[in-house]
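Q: Heads up, the sequence shown is in UniProt numbering, so the first residue is 1 and it goes up one at a time.
Idealized CB from N, CA, C, for every residue including glycine.
Predicted model only: the values in this text are computed from it and were never measured.
First the structure, then my questions, so here it is.
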Amino acid sequence: MPNPHTAVDGRNLRPTLSTSKIVFLVVAAAAPLAAMVGTVPLAFAIGNGAGVPAMFVFAGITLFCFSVGYAAMSRRIVHAGGFYTYLVQGLGKPVAVAGGAIAIVSYNAVAIGLAGAFGYFAQLVLEALGVAVPWQACAAFAVLVVGVLGYRQIDLSARVLSLLMVAEIGVLAVLDVGILAHHGGAALPAASFDPSVVLSGGVGVAMMFAFISFIGFESAALYGEETRNPARSIPLATYASVGLIAVFYAFTSWAAVGAIGPERVSEVAGDQLGNLFFTVSDANVDPALTAVMQILLVTSLLAAMLALHNAANRYAYVFGREGVLPTGLGAVHARHLSPHRASVSQTVLTTVVLAVFSLAGLHPYTNLATSMVGLGTLGIIVLQAGAALAVIAFFRGRADRHWWRTLVAPGLGALGLIAAVELVVTNFSVLTGSTSPVINALPWLLPMLAVAGIGYALWMRANRPARYAALGAVETDVPGDDTTAGAPTRPEAGVAAVG
């Protein structure tokens, strides 16, 4: 089914993305190399040790169930609002405005946190090369690059991300092959899937780290208006992203267990933490690969920052287009047909937050990155759970409902994601690595945003009824009508002009 959003009318985004480009955008947000280097060692050390690979498999299965319902919804609705639009259609406009507010804050928070992480690790890499550059300058470079690419059409970002993704996945694949060549069959120990190992130690903490390593995969639907055949491309990209991330994470962490030894992996990871995979690379491949990994760790953070910036500015664009935020944010660039003002506003926001943290003398990684990424991660998982429930509600009573695709699968996904929310809230201090009461109180910001969003939506209903009626509006297909079955719905004509 061709994308209906092809007219150049000053409001629409450019439909230039293929399925593969969407996969690059989505997987880049998950930052595979950064997840391996930064998250997996923590899961080994304070989670269930050698059982971590099984947690990635479990998280992958749970999110695949979520993706089944998510894909079913994406075949019916094409809209740049992602979770926001699905919540409108399934759970109502007040809940959707609350969800959209959480989405804007969450995706921006992760992108800002990654800017701090980029500044910190880029400074370390440059110091190792004998060049002294402050983290603020490194972070400013990342913000500039992301700002320029975000201002342009999404196709350019996708091309850049494809190069970075191939490089970081390639280097980890070389590491996996090196471990297999060095250890043979012992590189993939059966102990990692032994129930007594999987359920040992801090299994809940390991599960939490597994779920957060997938953050960003759900953003495929945001690009529905920018692909020529959304009914095909969005579901395929979602499934491909979940499968790629799950298999890659599970296999690489499994090989790491084999390289270190199941009985020693928790202890060694606790001693090495962020250096664990570099040490494994030195021992099983070559120090030259380790040097490449250290550089690609920085580019992985940049790629994730760009992907999340693009996701966040689509939410801001839609909120501007529909009058929830200032309508100027809903403008589309005349030549690039990109949400350029939404992108610029995010660049300014990121710059301001980085400046505040810098002037306060706070650490770019242990203060900025951990707090912002922790907050954003929690918010995105909350949205994933809400979207799974919205799928069930949307298809309830429709002739095109299906027992697996629109009920059981999204229901299982919702249960797993609600459990993940509980794990992240309970272990938020573990996720951020901070003892600061201010940082560890950040989860309270999400219910505050939800209440504010619901309240604002109700105010709009009473005082701006036309604008409220247009929120998340799509043409309604005819359930069970063979002429529309499988066809995506679309934003109503004139919605962008509502002001």
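According to DSSP, what are the bridge partners of Thr227?
A: Answer is Leu17, bridged to Thr227.
Q: Below 7 Å CB to CB, which residues in the same chain sit around Val292 once its five sequence neighbours on both sides are set aside?
A: Cβ within range, chain order: Val171.
Q: Should Leu13 go down as buried or exposed, given a rule of 16 or more other Cβ atoms within 10 Å for buried?
A: Leu13 is buried by the Cβ-count criterion.
Q: Report the start-end ranges of each alpha helix (DSSP H) in the stretch 207 to 265 that is 4 residues or longer and not cut off at the edges.
A: For the stretch 207 to 265, whole alpha helix (DSSP H) runs of length 4 or above, ordered along the chain, are 230 to 260.
Q: Given this structure, state the Cα-to-Cα distance separating Leu273 from Tyr317, to the nearest angstrom.
A: Whole-angstrom Cα-Cα distance: 39 Å.
Q: In chain order, what residues of the same chain lie with their CB nearer than 7 Å to the CB of Phe209, ignoring the 5 residues before and after it?
A: Around Phe209: Thr39, Leu42, Ala43 and Gly47.
Q: Looking only at its own chain, which residues have a Cβ that is under 8 Å from the Cβ of Val298, when we skip the five neighbours before and after it?
A: So the qualifying residues of the chain are Phe118, Phe121, Ala122 and Val125.
Q: So what's Ser200 in DSSP terms, helix, strand or just coil?
A: DSSP places Ser200 in coil when its eight states are reduced to three.
Q: Between the alpha carbons of Gly453 and Phe83, how many angstroms are there, rounded?
A: Gly453 and Phe83: Cα-Cα distance of roughly 14 Å.
Q: Okay, do the stretch 249 to 260 and the stretch 277 to 284 touch, 3+ Cβ pairs below 8 Å being the bar?
A: Enough Cβ pairs lie closer than 8 Å, so yes.
Q: List the endpoints of the continuous alpha helix (DSSP H) containing Arg314.
A: Counting along the chain, the alpha helix (DSSP H) containing Arg314 begins and ends at Pro287 to Arg321.
Q: So, are the CB atoms of Val198 and Leu471 less than 8 Å apart?
A: No, the Cβ-Cβ distance between Val198 and Leu471 is not below 8 Å.
Q: By the three-class DSSP mapping on this structure, what secondary structure does Thr432 have?
A: Three-state DSSP puts Thr432 in a helix.
Q: CB Leu149 to CB Val160, shorter than 8 Å?
A: Yes, they are a contact pair.
Q: In angstroms with no decimal places, state the Cα-to-Cα distance between Leu449 and Ala220.
A: Rounded to whole angstroms, Leu449 to Ala220 spans 24 Å at the Cα level.
Q: Can you check whether the CB of Val174 is closer than 8 Å to the CB of Thr347?
A: Not a contact, by the Cβ cut-off of 8 Å.
Q: Could you spell out the range, first to last residue, of the alpha helix (DSSP H) harbouring Pro41?
A: Element bounds for Pro41: Val40 to Ile46.
Q: Give a yes or no on whether the C-beta atoms belonging to Pro15 and Arg228 are separated by under 8 Å.
A: The answer is yes: Cβ separation under 8 Å.
Q: Could you name the residues of the same chain whose beta carbon sits closer than 6 Å to that of Ala457, not counting the 5 residues immediately before and after it, in chain order?
A: Result list for Ala457: Lys93, Pro94 and Val97, in chain order.
Q: DSSP three-state label for Trp403, please.
A: Here Trp403 sits in coil by DSSP.
Q: Suppose you measure from the CA of Leu180 to the CA of Ala190; what does that come to, to the nearest Å?
A: Spanning the two alpha carbons is a distance of roughly 14 Å.
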